[in-house]
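Note that the protein sequences, when read in sequence, are chains A and B.
With the numbering used here applied, the first sequence corresponds to residues 41 to 131, in that order.
With the numbering used here applied, the second sequence corresponds to residues 107 to 560, in that order.
Notes follow the structure.
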Amino acid sequence: MRTSVIVTALGPDRHGLLAAVATTVANQNANVDDVSQTVSNGMFTMIMFVSFDETETTLADLQATLAHTGEEIGLQIIVQHEDIFRFMHRV
Amino acid sequence: MVFITNEEILETVRMIQAENLDVRAVTVGISLDDCSARDVQEVCERIHDKLVQRAGRLVPVAREIQEKYGVPIVNRRVSVTPIAEVVASDDAESFVQVARALDAAADEIGIDFVGGFSCMVQKGFTRGDAALIDAIPAAIGGTQRVCSSVNVASTRAGINMDAVMRMSDVLLEVARLTADHGSIGCAKIVTFCNVPEDNPFMAGALHGSGEPEASINVAISGPGVIRNVVAHNPDASFTELADLIKRTTFKITRVGELVAREASRMLGAELGIIDLSLAPSPAVGDSIAEILECMGLERAGAPGTTAALALLNDAVKKGGTMATSSTGGLSGAFIPVSEDAAMARAAAEGALSIEKLEAMTAVCSLGLDMIVVPGDIARASLAGVIADVMAIGMINSKTTGARLIPAYGKKVGDWVTLGGLFGEAPVMPVNTRANDKFMARGGRIPAPLQSLTN
């Protein structure tokens with residue numbers, strides 16, 4: 041069964057942020073289903089829908105590698121199962 | 107893939123990262139009905155085995171849920187059948203042994219607290235009830251994680267005033283025994299009217315006789331989220347404000363529902379209830395008093411405070427009820443003084459008195475909670491304060507509780523640090539007019555007319 045997660049990344053803008061996050065996701069064999077990003081007043085905000093199955097990666101591995109990437113590029117990267125958003129905003 | 111807007115995603119992230127949204131507690135309610143035995147040592151062993159069997163995986167399961175959804179779960183707890191119903195003894199020492207066994211099991215499985223060192227005496231004491239109450243000072247003074255509650259009143263039975271006096275003595279003794287730590291033992295004792303049987307919050311959690319073998323009860327939180335919504339809408343009318351709070355509470359409660367479902371599935375326990383209480387913490391911004399201030403009151407305690415709290419409490423229930431079909435527990439805004447930094451500040455400045463807190467109790471959850479009073483308070487005065495809170499619960503057919511801390515050696519104005527989520531608070535003055543002749547009458551205040559509903 042595929043697991044769907046939402047990756048949010050927040051922090052000061054600079055070159056290559058989206059590429060760095062996407063590369064980490066790709067290296068984990070996970071798939072980017074959708075992505076959007078904006079820069080406002082120098083602040084970078086990115087929302088990425090990512091999915092994977094158990095043969096590709098795990099939530100814990102994805103969280104750990106993205107946290108490491110976030111430290112390297114100066115972003116706060118949060119990975120959460122999509123159900124929390126679905127539950128909070130839909131009945 | 108479910109369509110969720112970017113605004114909704116960022117709102118969720120902001121609630122958790124910037125506004126202290128968390129799940130306050132996942133509590134596993136466990137029946138100890140099958141742990142009774144003639145020999146108290148055997149009771150202790152059976153309780154140990156039952157807690158390990160039913161809640162041994164609670165801590166890793168809570169951690170897994172926390173990481174999966176990115177929402178902190180602050181406390182992991184267990185509530186058990188009231189111990190007076192489990193231990194067939196009239197020897198206080200037997201109950202102290204059971205308290206130690208509960209503490210050891212809680213330590214072994216790594217939970218924060220275990221609640222249910224409790225009895226129900228609203229109509230009178232059994233010999234076992236009396237022995238359990240006698241054991242509370244040694245049980246609480248000699249353990250780390252055990253919490254105790256005694257139900258001394260109900261709308262159906264009235265107020266057992268002998269039990270109220272007895273609880274006053276217990277609190278003064280526990281305050282003395284734990285004097286080196288701000289009399290913190292009293293923070294683990296609640297005196298109740300109409301105690302709920304499925305409450306996930308400590309110190310009053312217990313697993314009542316109508317509950318299943320094991321259940322998951324989840325306590326939501328989120329005062330910081332509500333505070334920010336209120337702060338960002340300074341010109342909203344009362345109706346608009348109530349609507350904003352309802353919408354926000356709906357979202358908070360849905361997180362609790364998700365966590366409860368997941369914990370229930372992973373631990374093989376029934377989904378019990380979601381407690382719709384807004385529980386503050388000493389963290390800045392995570393405060394009920396700050397919500398009241400954002401509504402337009404200079405300090406909690408200003409005229410209008412009870413009305414503001416009534417609006418808040420009602421809106422929280424309405425929003426929460428739409429989010430889950432499993433409401434229960436205490437379900438109302440909490441107004442603890444030491445656990446809410448802005449409430450403690452209001453008390454220190456004289457804006458908030460015990461009498462005002464008592465009025466607030468009539469429109470929200472729990473009652474006089476985490477209030478530090480002088481260590482030399484007369485036993486009848488302390489009992490009288492408890493009796494007043496019980497009367498509000500009895501007449502209004504609601505739960506009220508008293509968690510009072512007569513801080514040993516401390517006087518009005520001194521600050522008492524209780525630590526962690528217990529916070530800190532100033533010693534508040536209590537009316538010193540004599541009431542000992544009233545309290546000495548003994549017996550029970552009869553059940554009110556409200557009890558005759560059949």
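Beta carbons are placed, not taken as given, at the ideal position from N, Cα and C, and that holds for glycine.
Please read these numbers as outputs of a predicted model, since none were measured by experiment.
query, result
"For a contact defined as C-beta to C-beta under 8 Å, what are the partners of B:E114 on chain A?", "F125, M128 and H129"
"Residues in the same chain with beta-carbon distance under 6 Å from A:I118, minus the five sequence neighbours each way, listed in chain order, please.", "T48"
"What is the DSSP secondary structure of A:D53, counted as helix, strand or coil?", "coil"
"Which one of A:D101, A:E111, A:A100 and A:I87 has the shortest CA to CA distance from B:T118?", "A:I87"
"Pick helix, strand or coil for B:V469, following the three-state DSSP scheme.", "coil"
"Can you tell me the Cα-Cα spacing of B:V149 and B:V252, whole angstroms?", "17 Å"
"So, are the CB atoms of B:L382 and B:A366 less than 8 Å apart?", "no"
"Taking C-alpha atoms, which residue in B:A198, B:E461, B:R371 and B:V184 lies nearest to B:P306?", "B:V184"
"From B:L555 to B:G499, what distance separates their C-alpha atoms?", "14 Å"
"Mind reading off the beta-carbon distance from B:M273 to B:V256? Whole number of angstroms is fine, and I expect it under 8 Å.", "6 Å"
"Between B:P552 and the rest of its own chain, which residues show a CB-CB distance below 7 Å, the 5 nearest in sequence each way excluded?", "G264"
"I need the DSSP call for B:I483, collapsed to helix, strand or coil.", "coil"
"Would you kindly work out how many angstroms separate the C-alpha atoms of B:G204 and B:E114, rounded to a whole number?", "According to the sequence as given, residue 204 of chain B is Val; it is not Gly. Whole-angstrom Cα-Cα distance: 49 Å."
"Assess, as a yes-or-no matter, whether the region 295–303 of chain B is touched by the region 502–516 of chain B under the definition of 3 or more beta carbon pairs within less than 8 Å.", "yes"
"From this set, B:A453, B:A389 and B:A465, which residue's C-alpha is nearest B:T412's C-alpha?", "B:A465"
"Quick one: list the residues of chain A neighbouring B:Y175, beta-carbon separation under 8 Å, in chain order.", "Q120, H121, D123 and I124"
"Are the region 170–190 of chain B and the region 212–228 of chain B touching, with three or more C-beta to C-beta distances below 8 Å?", "yes"
"Taking only the alpha-carbon atoms, compute the straight-line gap between B:G59 and B:A269 and give it to the nearest angstrom.", "What is shown of chain B runs 107 to 560, which leaves residue 59 of chain B out entirely."
"Candidates B:K357, B:V443, B:G529 and B:S393: which alpha carbon is nearest B:D475's?", "B:V443"
"A:M86 by DSSP, collapsed to three states: which one?", "strand"
"Counting only runs of 4+ residues fully inside the region 482–517 of chain B, write out the alpha helix (DSSP H) ranges in chain order.", "485–502"
"Quick one: give me the first and last residue of the alpha helix (DSSP H) that B:E173 is part of.", "L164 to Y175"
"Please state whether DSSP places A:L106 in a helix, a strand or coil.", "helix"
"Just mark B:D235 as buried or exposed, buried being the case when its beta carbon has 16 or more other beta carbons within 10 Å.", "buried"
"Quick one: which chain A residues come within Cβ less than 7 Å of B:E445?", "Result: empty, since nearest Cβ-Cβ is about 26 Å, beyond 7 Å."
"So, is the C-beta of A:A100 closer than 8 Å to a C-beta in chain B?", "yes"
"Anything in the region 154–179 of chain B with a Cβ closer than 8 Å to a Cβ of chain A? List those residues in chain order, please.", "E173, K174, Y175, G176 and V177"
"Do B:D240 and B:A198 come within 8 Å of each other at the CB atom, strictly closer than that value?", "yes"
"Measuring only between beta-carbons, confirm whether B:V361 sits less than 8 Å from chain A.", "yes"
"Who are the Cβ neighbours of B:P530 in its own chain at under 7 Å, not counting the five residues just before and after it?", "The residue asked about is misnamed: residue 530 of chain B is Glu in this sequence, not Pro. Within the same chain, B:E530 has close Cβ partners S444, A450, W521, V522, T523 and L524."
"Quick check for students: name the residue ranges of the alpha helix (DSSP H) that lie wholly in the region 150–231 of chain B, counting only runs of 4 or more.", "164–175 and 198–215"
"Mind listing, in chain order, the continuous beta strand (DSSP E) runs of no fewer than 3 residues lying wholly within the region 233–292 of chain B?", "252–260 and 264–266"
"What ranges does the alpha helix (DSSP H) occupy inside the region 390–415 of chain B, keeping only unbroken runs of at least 4 residues that lie completely in it?", "394–401"
"Consult DSSP for B:S315 and reduce its assignment to one of helix, strand or coil.", "coil"
"Would you verify that the beta carbon of A:S80 is, or is not, closer than 8 Å to some beta carbon of chain B?", "no"
"Whether or not the region 68–79 of chain A and the region 96–104 of chain A are in contact is what I'm after, with contact meaning three or more pairs of Cβ atoms, one per stretch, closer than 8 Å; do they touch?", "yes"
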